[in-house]
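Worksheet: one structure, shown below.
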Amino acid sequence: MVAQTTVNMEVNQYTETVKVFHTNYVRNYRAVGVMWGIFTICFALINIVVFIYPQWIGDTRESVGAGYFGLYEHCRIVTGGGLLCYGNFGDFTHILSAAFKGATFFIGFSALLSLVTIVAMLLFFFMSTKIVFFICGVLQLGSTICMFLGCVIYPSGWTNEHVMAVCGNAGAYEIGKCGVRWSYILAILGIFDAMMLCILAIVLATRQAKLKPTGYTSKAYENGYIEKNGHVIQPVMMPHDGYSDYSSPSEPIRNGTTKSKKRNRKDFTL
Numbered sequence: 001m002v003a004q005t006t007v008n009m010e011v012n013q014y015t016e017t018v019k020v021f022h023t024n025y026v027r028n029y030r031a032v033g034v035m036w037g038i039f040t041i042c043f044a045l046i047n048i049v050v051f052i053y054p055q056w057i058g059d060t061r062e063s064v065g066a067g068y069f070g071l072y073e074h075c076r077i078v079t080g081g082g083l084l085c086y087g088n089f090g091d092f093t094h095i096l097s098a099a100f101k102g103a104t105f106f107i108g109f110s111a112l113l114s115l116v117t118i119v120a121m122l123l124f125f126f127m128s129t130k131i132v133f134f135i136c137g138v139l140q141l142g143s144t145i146c147m148f149l150g151c152v153i154y155p156s157g158w159t160n161e162h163v164m165a166v167c168g169n170a171g172a173y174e175i176g177k178c179g180v181r182w183s184y185i186l187a188i189l190g191i192f193d194a195m196m197l198c199i200l201a202i203v204l205a206t207r208q209a210k211l212k213p214t215g216y217t218s219k220a221y222e223n224g225y226i227e228k229n230g231h232v233i234q235p236v237m238m239p240h241d242g243y244s245d246y247s248s249p250s251e252p253i254r255n256g257t258t259k260s261k262k263r264n265r266k267d268f269t270l
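Read left to right, the sequence shown gives residues 1 to 270 (full-length UniProt numbering).
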């Protein structure tokens, strides 16, 4: 009876410990998930800004001309301080080079995937958290790859005559006398941002704490043992000391065997 009470106390203590651990884990899990969602929205905004603004490369004090270039749009500063911009995302024929067209496609597709990731967050209300995080992680992986390809392809288009008119002796992956501007730098940082968000989404999809049922008992208890402070206590079997229904009373001895008492003839009566 005492052993059973001790076991019940151990089980109750274990159950309460599991509940506390589970509560703390879920709280931290949700906090990390909220941070992941916020940074995902920030990455989408960065991706859109990088795609729209033509500030990838531009003139410096040593440049031959004055102007700056983006993915699909480029601007020139004319005499008198006027600004002339050319290029439209809807018309690829006005994009300066094939490399710029490829970079425009990949960066634009990356922005689209980032927006789809935000929309996919609505699935948290209808589907399992594990599945939604996995879907978002795959979308962010695609966005990372597209952003990387766009940043790598873009410098190969610096051989265009319009770029050389501003940057001087420029070439493929040679910027000449121009300089890298904030949009290009932000796009490169976006690659690492998207990669970290992708990894975090996959981790959140694979690590979820499940609360064990209230009546959960340890394996040691199920096998007939008591577990206390990490040590297994095996119950000790005591020899039976009593009178048998079909034999004479017995006396226990130290070696675990018993010996029968000799009956006295005076105990026998008719």
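Each residue gets a CB set at the ideal place from its N, CA and C atoms; glycine is no exception.
None of these values were measured; they are calculated from a predicted model.
- prompt: Taking just the CA atoms, how far does Ser183 sit from Ile46?
  reply: Using only the alpha carbons, I get a separation of about 9 Å.
task: Measure how close the beta-carbons of Cys198 and Ser63 come, nearest whole angstrom, since I'm counting them as under 8 Å.
output: 38 Å between Cβ atoms; not a contact.
task: Report all residues from its chain with a CB closer than 6 Å to the CB of Phe89; omit the five preceding and five following residues, and keep chain order.
output: Contacts found: Tyr72.
- prompt: Got a sec? Which residues, its chain only, sit under 6 Å from Ala103 by beta carbon, not counting five neighbours each side?
  reply: Excluding residues within five positions, the ones whose Cβ falls inside 6 Å are Leu71, Gly150, Ile153, Tyr154.
- request: Taking only the alpha-carbon atoms, compute the straight-line gap between Phe69 and Thr93 and give it to the nearest angstrom.
  value: Distance between the alpha carbons of Phe69 and Thr93: 16 Å.
message: Only counting the same chain, and skipping five residues up and downstream in sequence, which positions put a Cβ closer than 6 Å to that of Gly108?
response: So the list reads Phe51, once near-sequence residues are dropped.
message: For a test of the three-state rule: what should DSSP assign to Cys136, helix, strand or coil?
response: Looking at Cys136 - three-state DSSP - the assignment turns out to be helix.
field: Per-residue DSSP class, three states only, for Ala103
entry: If DSSP states are grouped into helix, strand and coil, Ala103 belongs with the helices.
query: With C-beta atoms as the reference, is Cys75 less than 7 Å away from Gly67?
result: Yes, they are a contact pair.
- request: For Ala111, collect the residues of the same chain with a Cβ closer than 6 Å to its Cβ; drop the 5 residues on either side in sequence, then sort them by chain order.
  value: Closer than 6 Å at the Cβ level, and outside the excluded window around Ala111, lie Asn47, Ile48, Phe51.
- prompt: Just reading off the alpha helix (DSSP H) that Gly87 is part of, what are its end residues?
  reply: Counting along the chain, Gly87 falls outside any alpha helix (DSSP H), and DSSP gives it neither H nor E.
query: DSSP state of Glu62, grouped into three classes?
result: The answer is coil: DSSP assigns Glu62 none of H, G, I, E or B.
- prompt: By DSSP, does Glu73 sit in helix, in strand, or in coil?
  reply: Here Glu73 sits in coil by DSSP.
- prompt: If we ignore side chains and look at the alpha-carbon of each, how far apart do Glu222 and Ala120 end up?
  reply: The predicted model places Glu222 with a pLDDT of 49, which falls under 50 and marks its position as unreliable, so this point remains unresolved.
Backbone secondary structure at Gly108 - three-state DSSP: In the three-state reduction of the DSSP assignment, Gly108 falls in the helix class, which pools H, G and I.
field: the stretch 25 to 38 in contact with the stretch 187 to 207 per 3-pair CB rule at 8 Å
entry: Judged by Cβ distances under 8 Å, the stretch 25 to 38 makes contact with the stretch 187 to 207, as three or more pairs qualify.
task: Select from Cys42, Tyr53, Asn169 the residue whose C-alpha is nearest the C-alpha of Arg181.
output: Ranking Cys42, Tyr53, Asn169 by Cα distance to Arg181 puts Tyr53 first.
task: In the DSSP assignment, find the alpha helix (DSSP H) that holds Phe192 and state where it starts and stops.
output: Boundaries of the alpha helix (DSSP H) harbouring Phe192: 182 to 206, taken from the DSSP string.
- prompt: Anyone know if the C-beta pair for Ser156 and Ala99 falls short of 7 Å?
  reply: Against a cut-off of 7 Å, the Cβ pair of Ala99 and Ser156 comes out as a contact.
query: Going along the chain, which residues of its own chain have a beta-carbon closer than 7 Å to the beta-carbon of Ile77, five neighbours each way excluded?
result: So the list reads Ala66, Gly67, Leu83, once near-sequence residues are dropped.
task: Could you say which of Ile118, Arg30, Phe125, Phe148 lies nearest to Gly137 if we only look at CA atoms?
output: Distance from the Cα of Gly137 is smallest, within the candidate group Ile118, Arg30, Phe125, Phe148, for Ile118.
field: Where Tyr173 sits in the DSSP three-state scheme
entry: Coil.
field: Other residues of its chain near Asn160: CB distance less than 6 Å, five sequence neighbours each side excluded
entry: Excluding residues up to 5 positions away in sequence, Leu96, Ser97 lie with their Cβ nearer than 6 Å to the Cβ of Asn160 in the same chain.
query: What distance in whole Å lies between the Cβ atoms of Ala172 and Val163, which are believed to be in contact at a cut-off of 8 Å?
result: At roughly 11 Å, the Cβ-Cβ gap does not stay under 8 Å, so Val163 and Ala172 are not in contact.
message: Could you check whether Leu139 and Leu113 sit closer than 7 Å to each other, using their CB atoms as the reference points?
response: For Leu113 and Leu139, yes; Cβs fall inside 7 Å.
task: For the alpha helix (DSSP H) holding His162, just list the boundary residues, first then last.
output: Start and end: 161 to 167.
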